[in-house]
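These notes are about the structure you will find just below.
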Amino acid sequence: MSFYSRPTKMAVRILTHMAADGMDQLLTVRSIARATQVPEPSAAKILQSLARDGILESRKGPGGGFRIGRSLREILLVHVVRAVEGEDFLSECVGGFQECTGRSECPLHAKWLCVKEQMVDFLGTTTLEDMLHASQHGRQALNGA
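The opening residue of the sequence shown carries number 281 in the numbering used here; numbering runs sequentially from there.
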């Protein structure tokens with residue numbers, strides 16, 4: 281089960297790669313797509329969303345590309361999810377009901393609110409720096425280091 285979409289997972293993979301590859305280096309859509317195994321059209325769309333929200337800087341033209349626009353400590357996962365998913369990324373009813381609000385609640389509403397609050401707290405306190413460290417630690421564990 282996943283709490284966010286495939287594009288958001290790809291965005292996290294892209295940002296983790298960019299952070300590991302060097303903060304100052306401009307990377308092209310093609311090089312990012314190849315390195316992260318994200319289809320190039322998807323990578324382009326994700327990169328534009330992240331740049332529009334100020335997470336990335338972009339430079340057009342020859343020698344252009346994308347780079348991380350802020351300190352890794354300043355980029356929270358909630359910023360990434362909102363850039364890709366939109367502001368109301370956890371608003372869909374997990375019970376499958378059309379209308380699930382405080383006035384017309386599904387049977388899972390109260391429990392989902394608790395999970396949703398924990399998820400928002402997790403996303404709001406986890407930085408890209410945390411993700412990079414976790415990614416590097418995971419690679420070291422896989423390689424037996």
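For glycine and all other residues, C-beta sits at the position ideal for the given N, C-alpha and C.
Which class does residue i belong to by DSSP, given the choice of helix, strand or coil?
i, result
"Thr-405", "helix"
"Leu-412", "helix"
"Leu-295", "helix"
"Leu-393", "helix"
Is the CB of residue i under 8 Å away from at least one CB in chain D?
i, result
"Arg-362", "The structure shown has no chain D; it contains just one protein chain."
Along the chain, where does the beta strand (DSSP E) containing residue i start, and where does it finish?
i, result
"Arg-347", "345-348"
Given residue i, which residues of its chain have a CB within under 7 Å of its CB, disregarding the five upstream and five downstream residues?
i, result
"Ala-299", "Ile-348, Leu-352, Leu-408 and Leu-412"
"Arg-339", "Leu-306 and Gly-345"
"Asp-301", "Leu-307"
"Ile-355", "Ile-335, Thr-407 and Leu-408"
Name the DSSP bridge partner or partners of residue i?
i, result
"Arg-339", "Gly-345"
Locate the alpha helix (DSSP H) running through residue i, then write down its first and last residues.
i, result
"Gly-321", "According to the sequence shown, residue 321 is Pro rather than Gly. Pro-321 -> alpha helix (DSSP H) spans 320-332."
"Ile-312", "309-316"
With a threshold of 8 Å on Cβ separation, who are the neighbours of residue i within its own chain once the five nearest residues in sequence on each side are excluded?
i, result
"Glu-337", "Ala-331, Phe-346, Arg-347, Ile-348 and Gly-349"
"Val-292", "Leu-357, Val-360 and Met-411"
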